[in-house]
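Below: the structure, in structure tokens.
Residue numbers (my numbering): 19 to 312.
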């Protein structure tokens, strides 16, 4: 009888150890996947062609520089089909309002994005109607995102936007190199669907940019297409924020949930972003042009 009890005790201990190891392995795998997924979502939220923050920065600089947001390369070349109304000026508030809609569909990317922006020129803190008004050249461009909607689907990530807001200041617009900073937090909420490692994950997330300090070449209308095509490669500086998400894992009939709340920093230069996610300092590389994790 004593031998039976001893055997049962050893069996129970072994079973518990096996279960514990299995759970630890699952937790480690989950943690790794969560960080990779966070990197995917952050990349899309800050990138250019993914409809992220970089695209909004470029839009406002083009509109403020007198360029047309409706300019687009031929659709057969895989570029966006763009429609945009002319900017409308409110003489009471001093704000210009402009809206733009972009659609794109090819073998790699599908997207449909709508944005409405407002912007205002200032010279030494005093508002003026145009960049150059009666010989006075503006020094600052203020802008904010009135509304945003749409979706983006890339090779690994699909994003459905539910909320978008934020405000920028572009300083030194009378000089060759401008500085882009935040006036208020850039907040982007939505649902991301990610498919890698033969596993589907759905992120219900909110990304908040809390600090932006970027340098970029000043927009020049005569060089509009060259400037726009190179914008994501020409910006440099840092972007910091916080990523919060509720994640559902689904692999066949297996189903589980995780939550993530991490601060992050992206150091931008030469078209890439060096992304560091807080907690265990996970590091990734972001392609700032297409808004994807490399």
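Glycine residues also receive a C-beta, built at the ideal position from the N, C-alpha and C atoms. Just so it is clear, the structure is predicted and the values come from calculations on it, not from any experiment.
Taking the C-beta atoms as reference points, residue 166 is found no nearer than 7 Å to residue 215. DSSP places residue 240 within a helical segment (H, G or I) once states are collapsed to three. Here DSSP, grouped into helix, strand and coil, assigns residue 117 to strand.
Residue pairing by DSSP places residue 186 opposite 161, 200 in a beta bridge. If you look at residue 71, you'll find it in the alpha helix (DSSP H) that goes 71–82. At the C-beta level, residue 67 and residue 308 come within 7 Å of one another. Cβ-Cβ distances below 7 Å link residue 252 to 234, 235 in the same chain, with the five nearest sequence neighbours on each side left out; the list follows chain order. DSSP links residue 305 through a beta bridge to 290, 310. The straight-line gap separating the alpha-carbon atoms of residue 112 and residue 149 is approximately 12 Å. If you draw a 10 Å sphere on the C-beta of residue 193, you find fewer than 16 other C-beta atoms in it, and that means exposed. Taking C-alpha positions only, residue 58 is separated from residue 245 by approximately 26 Å. Contact annotation: residue 275 and residue 260 have beta-carbon atoms that are not nearer than 7 Å.
Put simply, the backbone Cα of residue 139 is about 24 Å away from that of residue 119.
Residue pairing for residue 209: DSSP places it in a beta bridge opposite 178, 222. The beta carbons of residue 72 and residue 229 sit no closer together than 7 Å. Around the beta-carbon of residue 131, 16 or more other beta-carbon atoms lie within 10 Å, marking it buried. DSSP, read as helix, strand or coil, puts residue 99 in strand. Residue state for residue 248 is assigned as helix, using DSSP reduced to three classes.
In the three-state DSSP reduction, residue 56 falls in the helix class (H, G or I). Taking 7 Å as the cut-off, the beta carbon of residue 289 is found closer than this to the beta carbon of residue 306. The shortest CA-to-CA distance from residue 78 to any of 116, 65, 60, 104 is the one to 116. For residue 133, the uninterrupted beta strand (DSSP E) segment begins and ends at 128–141. Under the three-state reduction of DSSP, residue 284 is assigned to strand. As computed with DSSP, residue 257 is found in a beta bridge with 230, 284. Of the residues assessed, residue 213 falls on the exposed side of the cut-off, its CB having fewer than 16 other CB atoms within 10 angstroms.
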